[in-house]
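As C-alpha cells, the structure follows; a few thoughts come after it.
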Amino acid sequence: MSKTMTQQEALQEYLLRLADSDMILGQRLCELCGKAPALEEEMALMNVALDLVGQARNWYEYAAELINDGRSADDLAFKRDANRYRNALMVEQPNGDYAVTMGRQFFFDAWHYFTIAALTQAPDERIASIAAKAAKEIQYHLRRSSEWVKRFGDGTEESHQRMQTAVDDLWRFTGEMIEADEVEQQLFKAGIGPDPEQLAADWRGLVNEVLTEATLTPPPEDAWMYRGAKVGHHTEHLGFILAEMQFLPRAYPDAKTW
Amino acid sequence: MADWPLYEVFVRSKHGLNHKHVGSVHAADAEMAMENARDLYTRRNEGVSIWVVPSAAIAASSPDEKEVLFDPADDKVYRHASFYKLPDEVGHM
Amino acid sequence: MYAQLVETGAKRLKTLEEMSPEEREFQLKVDAETKIEAKNWMPEGYRKTLVRQISQHAHSEVVGMLPEGNWVTRAPSLKRKLQLMAKIQDEAGHGLYLYSAMETLGADRDEEIDKLHAGTVKYSSIFNYPTLSWADMGTVGWLVDGAAIVNQVVLQRTSYGPYSRAMIRICKEESFHQRQGYQILLDMMREGTEEQKEMVQDSINRFWWPSLMMFGPSDDQSPNSQQSMAWKIKRKSNDELRQMFIDQTVPQLEFLGCTAPDPDLKWNEERGHYDFGEIDWQEFYDVLKGNGPCNKERIETRKNAIDGGAWVREAAKVYAEKKQQKQQNAA
C-alpha cells in the first residue's frame, strides 16, 4: 500500500474487502445447492447465502458510487480478476466435508460479527445502515455455525475428529482476518473501521470459548499463517471460483442485459 | 425419520394474534427445530413468534369422538349473546 | 404433473352400493367436499395413493433443485443470482411442506427417500433434462413452473386436508417463480444480442415438448385417473390440464417473439382451443423408466448428499442426547 493512500481510497479498498468476502462465501454456499447433508440444511445454507450475496450487493453498490469510474456493482463482482479481488483467504477455501463448511463459516462469522457490529457505529450513514441490516443476519449465521461446531466437536467420535481436522486445516487462514494492515489502521483512526486490537481480542475470545465448549483443541496462536489476500495474492482456488462465477459476462461481453 | 424427531410448528403471524399450526420440521433438538422452522415457515415475514413442540408430545382428540366431544355444545344456545333479547330502550350491551 | 402415473391399485370404480359402510361414509364426505384429515378413517388405497402422489411431488421439488443449482453458481448478475437462489430455496421448502404432509399419513420420510434413491419410485420426468444454457433458467421458470402451477392451483382443492394446505402455501409462494423465468427470457428477447436471442429460442425448442409431457399420459392411457378423480386427489384430467396450459402459454410465447417446435400448433376457432401435435410418448416412458439424459446424475447427486450426510445427522442426534443427559443430571 502506498503511503499516499487517501481516506477515500482506503474506504473503497475496505468496502471491496467486505463485498468480496460476502460474495465468495455466498458463491461457495451456492455450490452446495442440492448437496446438503439434510433437506433442512438446504434451507439454512441458502438463507445464509442469500444474506451474504445481498450484503455483497449493498457494499458493491456503495463502492461503485465512491469509485465513480462508470463501473456498476455487477461490474465489480463479475469483471474483476482474482488479483483485484480482496476477499479473505478463508472464504475461498473449498467446501470440503460439512465440518470444513461449518468451520470455515464459524471462523468467518465470528470475524464478521465483530466487524459489522463496529461498523454500525460508523459516522458514514450509508455504512452504518448497511451494517445495521447485516448485523441481524450475521448474528443468526454465527449462532448456527457455532452450534454446528459444538455439535460436531461434542457429537460422535467421527464428527469430533472431522471437526478437529477442519479447525487445524483452516487455522492458517485466520491470522490474516484479524491482523490489520494500513487500510484498516487508517480507517480505525478515521473513526470508521473497528479497533483492530479489540477485534482480534474479541475474535480470539469467542473462538476459544466455542472450541472449548465443543471439546476441541484450539491450535496455537503462534501457528504459521497464510497471508496475501489483502494485496490480491490468493490461494489457487479463487481463480476457478471466478472462472465459474464470471463465465457469462465474460463469454458475452456485448450483452448489456441478462 | 430415524435421525431427527418431528416437531410441530406454530407461528404467530402478527402481534395480538394466536399462534397457529403451520406444519412440521425434523430437528435433532429444540434449538435446531426453532431455526429450521424459521428458515422454512417465515421466509416471507410470516411471523413474529414461533413455537416448536415435539410431535410426540401432542395429545389429539380422535375424529371418531367428534360427536361425543363437540355435539353437546350444539344446543347450548344460551351461551351466545344473541340468545338474550333485550328491549331497545336498554341500548347497547 | 410433478406426479405422473400414480398407481391407485384400483382398475375399476366401486359403486356406493358395493362399498363397505365406512367406505361409503368416506366417499360421501369426499363428494360433499369435506376435507379428510390425518386421523379420519380412509380406505387403504386412498392412503397409499396419496403417499405415492405426495412423495412423488416432494421428490420432484427436491430433484428439481438440481437443474437450477447447475446455473446458480453462474448466474450473470447479482440480481439474477439472488432471484434464482430464492427460487431454489423455495423448492427445498416446498419439498419439506410436502414431506410434512406425507408424514401425517404415517409414511416415513427416510423410507420414501430411500425408495427414490433405489429408483423404485418416480419423480417428474422433466428434471431429467439437462440445463445447457442460462436461458434454461428462464424457460424452466416459465414453462416448467408454469405447467406445475396449472396443476397445483387445481390441487389446492384436493380432498386431503394437509396436502391441500401445503398446496395453498406452495401456490402462494410460487407466483413469483414463473414471472421470474419469463422476465429472464423477455429481457433477453427485447434488449439482448442476437446470440442471447438464439439462446432463448434454443432453450424453448428443448423444453417445449418435455413441459407438455409433465401432465402425464393422455386420458385414454391413464388407468388410474378415474379412481384418483373419484377420491378428489386429482381434480382435472391430464388432457384437460395440458390443454389449459397450452392455451395460456401460446400467447406468452408469441409475445416473446419466439416459436414452438410444433408445426401443428395453431388456434382452432371451432374448439376455442389450440390444436397441437402428437407428443413423443416413447420418449416420455423412456425418461420415466430412467433412460432420460440426466436420470443417473440426478439420483446419484441426491443419494450422495443424503448418504454422505449420515455422519452429520448422527452427530447432531448424539449431541442432542448428550445435552439432554447433562440437563437431566443438572436437574
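Chains as they are written, first to last, in this note's numbering: chain B, 1 to 258; chain S, 1001 to 1093; chain C, 2001 to 2331.
Each residue gets a CB set at the ideal place from its N, CA and C atoms; glycine is no exception.
Residue closest to residue i, alpha-carbon to alpha-carbon, out of the options
| i | options | result |
| --- | --- | --- |
| I67 of chain B | B:E9, B:Q27 and B:A251 | B:E9 |
| S2020 of chain C | C:H2273, C:E2044, C:D2239 and C:E2007 | C:E2044 |
| V2332 of chain C | B:A38, B:L52, B:N83 and B:E147 | Since the displayed chain C opens at 2001 and closes at 2331, residue 2332 of chain C lies outside it and no answer follows. |
| S2225 of chain C | C:S2211, C:L2212 and C:E2240 | C:E2240 |
| Y2160 of chain C | C:E2033, C:E2321 and C:L2084 | C:E2033 |
| E2297 of chain C | C:L2066, C:A2135 and C:M2042 | C:L2066 |
| L2078 of chain C | B:T101, B:N47 and B:M23 | B:M23 |
| F2276 of chain C | C:A2305, C:Q2201, C:Q2243 and C:Q2324 | C:Q2243 |
| T2104 of chain C | C:A2166, C:T2193 and C:W2267 | C:A2166 |
| P2162 of chain C | C:D2136, C:A2101, C:I2149 and C:E2112 | C:A2101 |
| G26 of chain B | C:R2074, C:R2157, C:K2011 and C:L2288 | C:R2074 |
| H1019 of chain S | S:G1047, S:V1025 and S:E1065 | S:G1047 |
| S2055 of chain C | C:Y2123, C:L2013, C:A2118 and C:N2040 | C:Y2123 |
| Q2156 of chain C | C:E2300, C:V2144, C:K2172 and C:H2177 | C:K2172 |
| R84 of chain B | B:E182, B:A19 and B:R28 | B:A19 |
| E13 of chain B | B:R250, B:M245, B:G232 and B:K256 | B:G232 |
| I192 of chain B | B:L45, B:H160 and B:T115 | B:T115 |
| R2302 of chain C | C:P2076, C:G2009 and C:A2092 | C:A2092 |
| A117 of chain B | B:R162, B:Q139 and B:F108 | B:Q139 |
| K1014 of chain S | S:A1028, S:A1033, S:Y1078 and S:I1050 | S:I1050 |
| L2132 of chain C | C:D2108, C:G2069 and C:E2018 | C:G2069 |
| L170 of chain B | B:L76, B:Y226 and B:M5 | B:Y226 |
| E2333 of chain C | C:Q2221, C:I2306, C:G2309 and C:A2320 | Any question about residue 2333 of chain C goes unanswered here, given that chain C covers just 2001 to 2331. |
| G2009 of chain C | C:R2052, C:E2198 and C:Q2325 | C:R2052 |
| E2300 of chain C | C:S2060, C:A2118, C:A2107 and C:N2040 | C:A2118 |
| Q164 of chain B | B:F152, B:F173, B:T174 and B:W111 | B:F152 |
| S21 of chain B | B:Q55, B:M5 and B:K35 | B:Q55 |
| A255 of chain B | C:G2290, C:D2187, C:V2312 and C:L2084 | C:D2187 |
Residue i - partner residues in DSSP beta bridges
| i | result |
| --- | --- |
| E1008 of chain S | S:S1024 and S:V1053 |
| H1019 of chain S | S:R1012 |
| Y2129 of chain C | Note: Y2129 of chain C sits in no beta bridge, so no partner. |
| I67 of chain B | According to DSSP, I67 of chain B bridges with nothing at all. |
| Y2160 of chain C | C:I2036 |
N- and C-terminal bounds of the beta strand (DSSP E) containing residue i
| i | result |
| --- | --- |
| W111 of chain B | First-last for W111 of chain B: Y98 to L119, but that is the alpha helix (DSSP H), not the beta strand (DSSP E). |
Beta-carbon spacing of residue i, residue j below 9 Å
| i | j | result |
| --- | --- | --- |
| A2058 of chain C | G2095 of chain C | yes |
| W2281 of chain C | Y2046 of chain C | no |
| E61 of chain B | A73 of chain B | yes |
| W2134 of chain C | L248 of chain B | yes |
| P2130 of chain C | C2258 of chain C | no |
| P219 of chain B | D154 of chain B | no |
| T2120 of chain C | V2200 of chain C | no |
| N1036 of chain S | M43 of chain B | yes |
| G228 of chain B | H234 of chain B | yes |
| R104 of chain B | V91 of chain B | yes |
| L2028 of chain C | L2016 of chain C | yes |
| V2250 of chain C | Y2285 of chain C | no |
| T257 of chain B | G2192 of chain C | yes |
| L2265 of chain C | I2204 of chain C | no |
| V1052 of chain S | A1033 of chain S | yes |
| D2136 of chain C | F2207 of chain C | yes |
Run of the alpha helix (DSSP H) containing residue i, from where it starts to where it stops
| i | result |
| --- | --- |
| K2048 of chain C | E2044 to V2063 |
| N1036 of chain S | A1030 to Y1041 |
| N2205 of chain C | E2194 to M2213 |
| N2329 of chain C | A2310 to A2330 |
| H2094 of chain C | L2078 to E2103 |
| S21 of chain B | Q7 to E31 |
| V1068 of chain S | K1066 to F1070 |
| H2117 of chain C | R2109 to A2118 |
| I2149 of chain C | D2145 to L2155 |
| L76 of chain B | A73 to F78 |
| Q2027 of chain C | P2021 to D2031 |
| L89 of chain B | L89 to E92 |
| D2136 of chain C | A2135 to T2139 |
Residue i Cβ short of 8 Å to the ligand FAD heavy atom set
| i | result |
| --- | --- |
| M2167 of chain C | The model on display carries no ligand, and the ligand FAD is accordingly not part of it. |
Minimum Cβ-Cβ distance from residue i to chain D less than 9 Å
| i | result |
| --- | --- |
| P2076 of chain C | Structure shown: chain D not included; protein chains present are B, S and C. |
>> Please give the ranges of any alpha helix (DSSP H) in the segment 153-210 of chain B, keeping only runs that are unbroken, at least 4 residues long and fully inside the region.
In response: 157-170, 174-178 and 182-189
> Fully enclosed by the segment 2222-2307 of chain C, which alpha helix (DSSP H) runs are 4 residues long or longer?
Replying inline: 2225-2230, 2238-2256 and 2281-2286
>> Quick check on the DSSP output: what are the complete alpha helix (DSSP H) runs of length 4 or more inside the segment 208-254 of chain B, in order along the chain?
In response: 237-245 and 247-251
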